[in-house]
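Protein chains in written order, with the numbering used here: chain A, 11 to 728; chain B, 7 to 162.
We treat Cβ as the ideally placed atom computed from N, Cα and C, and that holds for glycine.
Just so you know, these numbers come straight off a predicted model, no measurement behind them.
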Amino acid sequence: MQTRRDFLRASAVAGGALVVGVGLDGRVFAAADKARVFGPNVWVRIEPSGKTFLTIGKQEMGQGVRTSLAMILAEELDADWTQVNLVQASPGPEFKDLGTGGSWSVGGSWKKLRLAGAAAREMLVAAAAARWGVAADGCRTENGTVVNGARKLRYGELVAAAAKLPVPATPKLKALADFRLVGARTKRLDGPRIVDGTARYGIDVKVPGLLYASIERPPAAGASAASVEDAAARAVAGVKGVVAFERGVAVVASGTWAALKGRNALKISWSSPSDRGFDSDEHWQKLESGVAEPGVVTRKVGAAPAAGGKVVSARYYYPFAAHAPVEPMNCVAQVKDGRCRIWVPTQAPNSVQRHVAEALGIAPEAVEVTPQLVGGGFGRRLNADYAVEAAQLARKLGAPAPVQVLWTRPDDMRHGHFQAASIHDMWGAVDGKRAVGWRHKKVSSPHNLSGPPTAEDLADPVAYWQDSSWGAYDVPYAFPSIETSYVRVDAPIPIGPWRAVFSPSSTFARESFVDELAHAAGADPLAFRLAHLDDQTVKIGSLNVDRRRLRRVLELVAEKAGWATPPPPGRFRGLACNVYDGETHVAYVVEVSVPPGRPPDQLPFIVHRVVCALDCGVIINPLGIEQQVDSGVVWGLSNMKGEITFKDGRAEQGTYKDFPVARMSEAPVVEVHLVPSHGEQPFGIGEPTVPPLAPAVANALFAATGRRLRRLPIRLSG
Amino acid sequence: MAPTIVVVNRRRRAVTADADTPLLWVLRDELGLTGTKYGCGVGICGACTVLEDGRAVRSCQVPLSEAAGKSFTTIEGLSSDGSHRCQKAWIEEDVAQCGYCQAGMILSACALLEEKPEPSDADIDEVMDRQVCRCGSYARIRKAIHRAARAARAAR
């Protein structure tokens, strides 16, 4: 069965290519360098100068992973942070899992990187101890030096000796209490290059002889170019050619503008797809009909509640959504001498390597992928489609020149994959101040980027549909009767992961409906939640949900937000919480007001303040965590504004006007409170901050207006 | 085709490109100044913002014919060493996440501060609402703008 994590880790399946790390400064480790550097493993290299190179095996897309992973390595290495340089790993035998998704970079790299840093440090200490003729355990390390009494040796002075020592298999790790760097507020290492314009994203790749292409793609799946009139396009100065290929019709030019102009001058008649094409209004009707289906029960606790008590039911509606990163999809590809070179901003370099190799019919080893900085990922760049497309075009060109395919903004919004629309049919019963029954049926479309679920996938249907409905089946509350289910309604458009994968819709419905039950029970929404959270850690599907940790973040957020005291006049509070993927625990309290006369393109309410309490296990970088809360809050607000609709197989939106995202004036003040962690494992932060935001706002809107917001997006006027 | 003269980052540049080529693509493809980003091409997102004599303009909306003879500053020309007060404030507040939109953000902030040295939150909203950051770094951008304003005040 392909689990969510398998899907995210599909990039792990890879052959080997060159093991070449390229730093953002363009530095390449050639084999010759290896002789004079200390490189006990692929993660750490130290030069005689003391310059320290740390390899980053995950993709930076704003979540701060180049900084947080470097912090983990540098902590165990006791490196001099000012000497740290980053090397971005490329797919190869030593880097088979560069895929970045599911908020699993830090959690999944933690042990491996600690061991790598600690092994290097132990070897440097052994080299110093040997030189001084003292016992290794009489030495300590700090800031890139080994210290013994008054004696000190810089790591750079030890590299030659250390390189001759055996690499310890089980180096001693630091005690968490001894951490100096991990846990400290640390600014991102890429910051200076971002503010001076020298940071290079995928779109910025310039290689000698580069050609530029813009592709007119079929408007709907299944259509193909029946005829192409390209004389006007070819007449545009700078246009080198017009190429029809597997993915559409490409205009190839000496510059981006000529390519775009040429593309606009194309006249293409498309064959009609075999059916009339996808229509989201019709799809909504299918989803609505799906509610009557029994679906697959994804979790069952207790027997159905006895009659009596108060019964509440409601349906929640959640739209199709695009990712809309500000850097649109792009890729540079070159096919030459049976090999392919790819420069791409991707979340999944190994997957790119594998898919490009498959498409070109060459060995994965013949595909060299150089991952670039990513100008926003959000799950969109887990899909290798745009790299495969560029490679197919490069092959079709037959010229050895590299070609950059740049997607326009409308291309990006219309031709990617989407967060699936869903309906959540909710039912609950309360008796006094306690819930006695809970049902949550999710009606939606499964991810299909690697095809629809196979028979093998569905061999364990419960596990499969749990994976598509987390946020629903892993409802954390200790309700005596729970039934969650999933009804599958396929959508013939690409459906795949979004930020927080498949969780936001389910969490929106669940946390809003918990509020409805609290209201029906005449209970305070906080008290109602706490009353249904005991001290147990419960195994739900493959997840461990620790209700005690969830209680703690709820109690903390309530304390910090002043839940027990009235909000300022005119403001109203809402609350929501979530355990993301059994790992990071998040609670929000938001304060909103609903002033009349909001601009038509803005949300009809103002979120003034968001208080967040969060437990993500071991804290690597508090500053980075705070950023990700800011980020999740704004993403959650955008989630309340934008919707993709389809007519005749085509997405109708194509700009930040018709798929609006939150802007500066809508961004609230965000306060973050981290729960001191226990345990020795860090968890992710890029995604967990998203799902509970929209329901917290919706619950505040109920407090403000007495009306339940059960359909996203909020209809913006105008 | 006769070259068009544009001043970019205080240097006179002779550009040979069609008159309708947006300044954005002149900067990126002809002059190799990739710090200016493409985000939408229709003036909605602000990623391509540059300064024209201190005023923020969308380089995707300025054809070369209109840019002729004018003087522009891109993120690469804001300072030689990252020492402009906005760049420093951006670092101090650790604003960037993916960072892709930030050149446009910084240059818009520069133009705002030029016009209003001590902007209120409402002033900031009005100007910065024209820019999209999909990572949601807005709160830190606001702090950085106030910080840059304070730095300028302290220097006066």
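Checklist entry - Taking the alpha carbon of residue 24 of chain B as the point to measure from, which residue in B:14, B:13, B:36 and B:18 has its own alpha carbon closest? => result As a position in the second sequence, residue 24 of chain B is number 18, starting the count at 1. When each option's Cα is compared against that of residue 24 of chain B, the closest is B:36.
Checklist entry - Can you give, in chain order, each stretch of the beta strand (DSSP E) that sits fully within the stretch 431 to 464 of chain A and has at least 3 residues? => result 432 to 441 and 444 to 454
Checklist entry - Comparing alpha-carbon positions, which option in B:22, B:106, B:95 and B:12 lies nearest residue 214 of chain A? => result Residue 214 of chain A sits at position 204 when you count from the first residue of the first sequence. Closest by alpha carbon: B:106.
Checklist entry - In this structure, what does DSSP give as the bridge partners for residue 343 of chain A? => result Counting from 1 along the first sequence, the entry for residue 343 of chain A is found at position 333. Residue 343 of chain A is bridged to A:352 and A:413.
Next on the checklist: Is there a Cβ of chain B sitting closer than 9 Å to that of residue 679 of chain A, yes or no?
Outcome noted: Counted from its first residue, the first sequence places residue 679 of chain A at position 669. Yes - at least one Cβ of chain B is within 9 Å of the one on residue 679 of chain A.
Checklist entry - Can you find at least 3 beta carbon pairs, one from the stretch 362 to 382 of chain A and one from the stretch 394 to 401 of chain A, that sit closer than 8 Å? => result yes
Item to check | Residue-level contact to chain A via CB, residue 11 of chain B, 9 Å cutoff | outcome: Along the second sequence, read from residue 1 onward, the residue named residue 11 of chain B stands at position 5. No, residue 11 of chain B lies away from the interface with chain A (no Cβ there is under 9 Å from its Cβ).
Next on the checklist: Quick check for students: name the residue ranges of the alpha helix (DSSP H) that lie wholly in the stretch 590 to 660 of chain A, counting only runs of 4 or more.
Outcome noted: 632 to 649
Next on the checklist: For residue 130 of chain A and residue 101 of chain A, what's the separation of their Cα atoms in angstroms?
Outcome noted: Residue numbering aside, residue 130 of chain A sits at position 120 when the first sequence is read from its first letter. Residue numbering aside, residue 101 of chain A sits at position 91 when the first sequence is read from its first letter. Taking the straight line joining both Cα atoms gives about 23 Å.
Item to check | Identity of the residue in A:73, A:463, A:117 and A:585 nearest residue 626 of chain A by Cα | outcome: Here residue 626 of chain A refers to the residue found at position 616 when the first sequence is read from its first residue. For the residues A:73, A:463, A:117 and A:585, the minimum Cα distance to residue 626 of chain A belongs to A:117.
Item to check | Closer than 9 Å to chain B by CB, residue 207 of chain A | outcome: Residue 207 of chain A sits at position 197 when you count from the first residue of the first sequence. Closer than 9 Å: yes.
Item to check | Reduced DSSP category for residue 288 of chain A - H, G, I as helix; E, B as strand; rest coil | outcome: Taking the first residue of the first sequence as position 1, residue 288 of chain A is located at position 278. Looking at residue 288 of chain A - three-state DSSP - the assignment turns out to be coil, as it is neither helix nor strand.
Checklist entry - What is the rounded straight-line gap between the Cα of residue 420 of chain A and the Cα of residue 660 of chain A? => result As a first step, residue 420 of chain A is located in the first sequence; it is residue number 410 there, counting from the start. As a first step, residue 660 of chain A is located in the first sequence; it is residue number 650 there, counting from the start. Rounded to the nearest angstrom, the two C-alpha atoms are 11 Å apart.
Item to check | Residue range of the unbroken beta strand (DSSP E) whose run includes residue 333 of chain A | outcome: The count along the first sequence starts at 1 and reaches residue 333 of chain A at position 323. Element bounds for residue 333 of chain A: n/a, residue is neither H nor E.
Checklist entry - If the cut is a Cβ gap below 7 Å, which residues of chain B does residue 108 of chain A touch? => result Numbered from its first residue, the first sequence carries residue 108 of chain A at position 98. The premise fails here: residue 108 of chain A is roughly 17 Å from chain B at the closest Cβ pair, so nothing lies under 7 Å.
Checklist entry - For residue 72 of chain B and chain A, any beta-carbon pair shorter than 9 Å? => result The sequence position of residue 72 of chain B within the second sequence is 66, counting from 1. No, no contact with chain A.
Checklist entry - So, is residue 357 of chain A buried or exposed, given that buried needs 16 or more other C-beta atoms within 10 angstroms? => result On the first sequence, residue 357 of chain A is found 347 positions in, with the first residue counted as 1. Buried is the call here.
Next on the checklist: Output needed for residue 348 of chain A: all residues of its chain with C-beta closer than 8 Å, excluding positions within five of it in sequence on either side, in chain order.
Outcome noted: Locating residue 348 of chain A in the first sequence gives position 338, where the first residue counts as 1. Closer than 8 Å at the Cβ level, and outside the excluded window around residue 348 of chain A, lie 372 and 376.
Next on the checklist: Going by DSSP, what residue range makes up the alpha helix (DSSP H) through residue 384 of chain A?
Outcome noted: By one-based count along the first sequence, residue 384 of chain A stands at place 374. Careful: residue 384 of chain A lies outside any alpha helix (DSSP H) and carries neither H nor E.
Checklist entry - Who are the near neighbours of residue 27 of chain A in its chain, counting only those whose CB is closer than 6 Å to its CB and skipping five residues on each side? => result Residue 27 of chain A sits at position 17 when you count from the first residue of the first sequence. Confidence in residue 27 of chain A is poor, its pLDDT being 24 and thus under 50, which makes the residue's placement too unreliable to answer from.
Checklist entry - Under the rule that 16 or more other beta-carbon atoms within 10 Å means buried, what is residue 274 of chain A, buried or exposed? => result Indexing the first sequence from 1 puts residue 274 of chain A at position 264. Flag for residue 274 of chain A reads exposed.
Checklist entry - Is residue 555 of chain A close to chain B, meaning its C-beta is less than 9 Å from at least one C-beta of that chain? => result For the purposes of this step, residue 555 of chain A is taken as residue 545 along the first sequence, with counting starting at 1. Cβ-Cβ to chain B under 9 Å: no for residue 555 of chain A.
Item to check | Proximal residues of chain A, C-beta to C-beta of residue 88 of chain B below 7 Å | outcome: Position 82 of the second sequence, counted from the first residue, corresponds to residue 88 of chain B. 202, 205 and 206, listed in chain order.
Item to check | Rounded C-alpha distance that separates residue 31 of chain A from residue 123 of chain B | outcome: As a working mapping, residue 31 of chain A is identified with position 21 in the first sequence. As a working mapping, residue 123 of chain B is identified with position 117 in the second sequence. Note that residue 31 of chain A scores 32 on pLDDT, short of 50, meaning its location in the model is unreliable and no value can be drawn from it.
Next on the checklist: Can you confirm whether the stretch 44 to 62 of chain A touches the stretch 86 to 97 of chain A when touching is taken to mean that 3 or more C-beta pairs between the two stretches lie within less than 8 Å?
Outcome noted: yes
Next on the checklist: In chain order, what are the residue ranges of uninterrupted alpha helix (DSSP H) at least 4 long that sit wholly in the stretch 497 to 573 of chain A?
Outcome noted: 513 to 530, 535 to 541 and 557 to 571
Checklist entry - Roughly how many angstroms separate the alpha carbons of residue 39 of chain A and residue 49 of chain A, rounded to a whole number? => result Taking the first residue of the first sequence as 1, we reach residue 39 of chain A at position 29. Taking the first residue of the first sequence as 1, we reach residue 49 of chain A at position 39. Bear in mind that the predicted position of residue 39 of chain A carries a pLDDT of just 42, short of 50, making it unreliable; the figure below should be weighed with that in mind. Near 11 Å, if we compare the C-alpha coordinates of residue 49 of chain A and residue 39 of chain A.
Next on the checklist: Considering only DSSP beta bridges, list what residue 211 of chain A is partnered with.
Outcome noted: Looking up residue 211 of chain A in the first sequence gives position 201. Residue 211 of chain A pairs with A:383.
Item to check | Contact set between the stretch 631 to 652 of chain A and chain B, restricted to residues whose Cβ is under 7 Å from the partner | outcome: 633, 637, 640, 641, 643, 644 and 645
Checklist entry - In this structure, what does DSSP give as the bridge partners for residue 146 of chain B? => result Here residue 146 of chain B is taken as the residue at index 140 of the second sequence, counted from 1. Answer is none; residue 146 of chain B lacks a bridge partner.
Checklist entry - Does any CB atom of chain B fall closer than 9 Å to the CB of residue 94 of chain A? => result In the first sequence, residue 94 of chain A corresponds to position 84, counting from 1. Not closer than 9 Å to any Cβ of chain B, the Cβ of residue 94 of chain A fails to qualify, so no.
Checklist entry - Can you tell me the Cα-Cα spacing of residue 534 of chain A and residue 570 of chain A, whole angstroms? => result Here residue 534 of chain A is taken as the residue at index 524 of the first sequence, counted from 1. Here residue 570 of chain A is taken as the residue at index 560 of the first sequence, counted from 1. Using only the alpha carbons, I get a separation of about 17 Å.
Item to check | Contact list for residue 141 of chain B against chain A, beta-carbon separation under 7 Å | outcome: Translated into the one-based positions of the second sequence, residue 141 of chain B becomes position 135. Neighbours of residue 141 of chain B on chain A, chain order: 72, 386 and 641.
Checklist entry - Is any beta-carbon of chain B found at less than 9 Å from that of residue 32 of chain A? => result As a working mapping, residue 32 of chain A is identified with position 22 in the first sequence. The pLDDT assigned to residue 32 of chain A is 33, lower than 50, so where the model puts this residue is not dependable, and the model offers no usable value.
Item to check | Start and end residues, beta strand (DSSP E) containing residue 237 of chain A | outcome: Position 227 of the first sequence, counted from the start, is the residue given in the question as residue 237 of chain A. Element bounds for residue 237 of chain A: 235 to 239.
Checklist entry - Closest Cβ-Cβ distance between residue 475 of chain A and chain B: below 9 Å? => result Against the first sequence, residue 475 of chain A aligns to sequence position 465. Output row for residue 475 of chain A: interface = no.
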